[in-house]
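To convert a position in the sequence shown, counted from 1, into this note's numbering, add 588. Idealized CB from N, CA, C, for every residue including glycine. Here the structure is a predicted model, which is why all the values come from computation and not from measurement. Notes for the one structure printed next.
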Amino acid sequence: MHFAAIGRVPGDPILGLIDAYNQDSNPNKFDLGVGVYKDPNGLTPILQSVKQAEQRLVDQQQTKTYIGGHGDSSFGALISQLVLGADSALLAAQRAGATQTPGGTGALRLAADFIAQCLPGRGIWLSDPTWPIHESIFAAAGLKVSHYPYVGSDNTLSVAAMLQALEQVPKGDVVLLHACCHNPTGFDLSQADWLQVLDVVRRRELLPLIDFAYQGFGDGLEADAWSTRLFARELPEVLITSSCSKNFGLYRERVGALIVCANDAEKLKDVRSQLAHVARNLWSNPPDHGAAVVAAILGDPQLKALWADEVEAMRSRIAQLRAGLVEALAPFGLAEHFAHINEQRGMFSYTGLTAEQVQLLREKHSVYMVGSGRANMAGVDGTRLNLLAKAIAQVCTD
Ligand SMILES: Cc1ncc(COP(=O)(O)O)c(C=O)c1O
Numbered sequence: 589m590h591f592a593a594i595g596r597v598p599g600d601p602i603l604g605l606i607d608a609y610n611q612d613s614n615p616n617k618f619d620l621g622v623g624v625y626k627d628p629n630g631l632t633p634i635l636q637s638v639k640q641a642e643q644r645l646v647d648q649q650q651t652k653t654y655i656g657g658h659g660d661s662s663f664g665a666l667i668s669q670l671v672l673g674a675d676s677a678l679l680a681a682q683r684a685g686a687t688q689t690p691g692g693t694g695a696l697r698l699a700a701d702f703i704a705q706c707l708p709g710r711g712i713w714l715s716d717p718t719w720p721i722h723e724s725i726f727a728a729a730g731l732k733v734s735h736y737p738y739v740g741s742d743n744t745l746s747v748a749a750m751l752q753a754l755e756q757v758p759k760g761d762v763v764l765l766h767a768c769c770h771n772p773t774g775f776d777l778s779q780a781d782w783l784q785v786l787d788v789v790r791r792r793e794l795l796p797l798i799d800f801a802y803q804g805f806g807d808g809l810e811a812d813a814w815s816t817r818l819f820a821r822e823l824p825e826v827l828i829t830s831s832c833s834k835n836f837g838l839y840r841e842r843v844g845a846l847i848v849c850a851n852d853a854e855k856l857k858d859v860r861s862q863l864a865h866v867a868r869n870l871w872s873n874p875p876d877h878g879a880a881v882v883a884a885i886l887g888d889p890q891l892k893a894l895w896a897d898e899v900e901a902m903r904s905r906i907a908q909l910r911a912g913l914v915e916a917l918a919p920f921g922l923a924e925h926f927a928h929i930n931e932q933r934g935m936f937s938y939t940g941l942t943a944e945q946v947q948l949l950r951e952k953h954s955v956y957m958v959g960s961g962r963a964n965m966a967g968v969d970g971t972r973l974n975l976l977a978k979a980i981a982q983v984c985t986d
């Protein structure tokens, strides 16, 4: 038997959480596990701007032929402008270019294989903790994966420890940074912190790989790009992975890009030729539909304005839920204890709840979150904040 020795790998723990949540008959259950945005009705909506762009595509699209290894060039130009800024000097100098990928995950895998094949021997450094898929993607590409401290067991961001660790990273290694809305913790670097990280990265000649999966979900579309644009402006070479899953709500359409910033236009061409080669062996051509939707939106001032309003509505809803939960915890004397929830950014919050408290929340109060204490704030039902606060208070005093 060919398959006799093949064992079973454990499934994604979050999928197990979804099953348990779906089977729970408590009408007052909370799903704070899955990493998707939810509206006040608990739905992950299709944006109006997306619907309108899709209608246009149905009416106007002429062909479904292949779109080429780098994908749709108008998508590439528009996503580069969204990430780097419409007035980016790099774009004017043709020092930056985007390769369309199946989601941010595809961009990360393309970056991983590119590093493995074109920059052999370079290790990659991830924040501790980080999105678990970062760990497996780079390992799968054969890279040596190491970690720098980020958020410790006291549930605070330790920039000093991070900087100290980065000082020890071998010259030339790759360091992965979350542009904003750090997953899983929600703790972001301040602008002053970013300047310090830039200084180490420059001195140690590290190659930054900036994962930008939540543009618009932190402080706004432009504000969230601050760190990425700083690095792109100040350093000769940067890799950026951009995802349109969250901010366009296009999760299952698989839209993303790997944006490369190179020292000059000629070197960019060299690198892009390698990326097309690597992508050819991964997925040949990227899927078209989602990227065509994004290009239709970003290329039309009216649709873009509608989309920007929709992103802002998602962003401010999450911010309100953060503030609302901390407020709801105040009557229990816990507002200060959980004040960080309101300081964190993006969909996720490292609440600081222990694994036992998370288990109690699930068993006694039907509140579902990941064992690490990570809560998806976008999954919180704003009309039941008091109930959630009461449940949290109970497990904190049990
Ligand atoms: C940190 C981070 N990077 C990248 C991604 C990629 O997402 P997708 O492949 O769905 O675009 C995610 C999605 O959850 C993420 O949290």
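T693 beta carbon near ligand 1 (any heavy atom closer than 7 Å): On the sequence shown, position 105 is the one that residue 693 refers to. Checking the Cβ of T693 against ligand 1 gives yes.
Nearest to L783 (by Cα), restricted to the options H770, D761, D660, A820: Residue mapping note: residue 783 aligns to position 195 of the sequence shown, counting from 1. Of the listed residues, the one whose Cα sits closest to L783 is A820.
Assumed close pair S559, I885 - CB separation to whole angstroms, cut-off 8 Å: This structure gives no information on residue 559, because the portion of the chain shown stretches from 589 to 986.
Contacting residues, own chain, Cβ-Cβ under 7 Å from D607 (five flanking each side not counted): Looking up residue 607 in the sequence shown gives position 19. Correct list: empty, nothing qualifies.
Integer-rounded CB distance, given that G673 should sit under 8 Å from T829: The residue you call residue 829 lines up with position 241 of the sequence shown. The residue you call residue 673 lines up with position 85 of the sequence shown. Their Cβ separation, rounded to whole angstroms, is 17 Å, which puts T829 and G673 out of contact at 8 Å.
Candidates P874, D888, E951, of which the one nearest Y654 by Cα: Your numbering for residue 654 matches position 66 in the sequence shown. Checking every option, the nearest Cα to that of Y654 belongs to P874.
heavy atom of ligand 3 below 7 Å from V762 C-beta: Ligand 3 is not part of the structure shown, which contains ligand 1 as its ligands.
Identity of the residue in A686, G940, L948, G970 nearest N743 by Cα: Looking up residue 743 in the sequence shown gives position 155. Nearest C-alpha to N743: G940.
Whole alpha helix (DSSP H) elements within the stretch 642-727, 4-residue minimum: 661-672, 677-680, 691-706
Ligand 1 heavy atom lying under 7 Å from the CB of A801: Along the sequence shown, one-based indexing puts residue 801 at 213. True, at least one ligand heavy atom lies under 7 Å from that Cβ.
Boundaries of the beta strand (DSSP E) in which P737 is found, first to last residue: In the sequence shown, the residue the question calls residue 737 occupies position 149. Taken as a continuous stretch (DSSP letters only), the beta strand (DSSP E) holding P737 covers 733-737.
Meets three-Cβ-pair contact criterion under 8 Å: the stretch 614-632 and the stretch 641-648: no
Through-space distance from S815 to H735, alpha-carbon basis: Residue mapping note: residue 735 aligns to position 147 of the sequence shown, counting from 1. Residue mapping note: residue 815 aligns to position 227 of the sequence shown, counting from 1. Cα to Cα, the separation comes out at about 20 Å.
Three-state secondary structure (DSSP) of H766: Position 178 of the sequence shown, counted from the first residue, corresponds to residue 766. Strand.
Distance cut-off 7 Å: S724 Cβ against heavy atoms of ligand 1: The residue labelled residue 724 in the question sits at position 136 within the sequence shown. Because no heavy atom of ligand 1 lies under 7 Å away, the Cβ of S724 does not count as near it: no.
Coil, strand or helix - S960 by DSSP: Here residue 960 refers to the residue found at position 372 when the sequence shown is read from its first residue. In the structure shown, S960 sits in coil (DSSP, three-state: anything other than H, G, I, E or B).
Best match in R840, Q688, D781 for proximity to V747 [C-alpha to C-alpha]: Translated into positions along the sequence shown, residue 747 becomes position 159. Closest by alpha carbon: D781.
The stretch 763-772 / the stretch 793-803 touching (three or more Cβ pairs under 8 Å): yes
Touching by the beta-carbon criterion (3+ pairs, under 8 Å), the stretch 893-901 and the stretch 952-961: no
Cβ-Cβ separation, Q649 to G664 (assumed contact under 8 Å), whole Å: As a first step, residue 664 is located in the sequence shown; it is residue number 76 there, counting from the start. As a first step, residue 649 is located in the sequence shown; it is residue number 61 there, counting from the start. So it is not a contact: roughly 18 Å between Cβ atoms.
The stretch 786-799 / the stretch 912-927 touching (three or more Cβ pairs under 8 Å): no
Check: N771 C-beta below 7 Å from any heavy atom of ligand 1: Numbered from 1 along the sequence shown, position 183 holds the residue referred to as residue 771. Checking every heavy atom of ligand 1 against the Cβ of N771, one is found closer than 7 Å.
A700 and I721 closer than 8 Å at C-beta: Along the sequence shown, read from residue 1 onward, the residue named residue 700 stands at position 112. Along the sequence shown, read from residue 1 onward, the residue named residue 721 stands at position 133. No; because the gap between Cβ atoms is not below 8 Å, this pair is not in contact.
Same chain, Cβ closer than 6 Å to P824, neighbours up to 5 away in sequence not counted: Position 236 of the sequence shown, counted from the first residue, corresponds to residue 824. Closer than 6 Å at Cβ, skipping near neighbours: N851.
Coil, strand or helix - P601 by DSSP: Stepping through the sequence shown from its first residue, residue 601 is reached at position 13. Reduced to three states, the DSSP call for P601 is helix.
6 Å CB neighbourhood of Y609 in its chain, flanking five on each side removed: Translated into the one-based positions of the sequence shown, residue 609 becomes position 21. Closer than 6 Å at the Cβ level, and outside the excluded window around Y609, lie D619, Y956.
Among E810, T773, L818, L809, nearest to Q779 - alpha-carbon criterion: Locating residue 779 in the sequence shown gives position 191, counting from the first residue. Comparing Cα-Cα distances from Q779 to each of E810, T773, L818, L809, the minimum goes to L818.
One or two residues paired with D799 in a DSSP bridge: Locating residue 799 in the sequence shown gives position 211, counting from the first residue. The partner list for D799 (beta bridge, DSSP) reads H766, T829.
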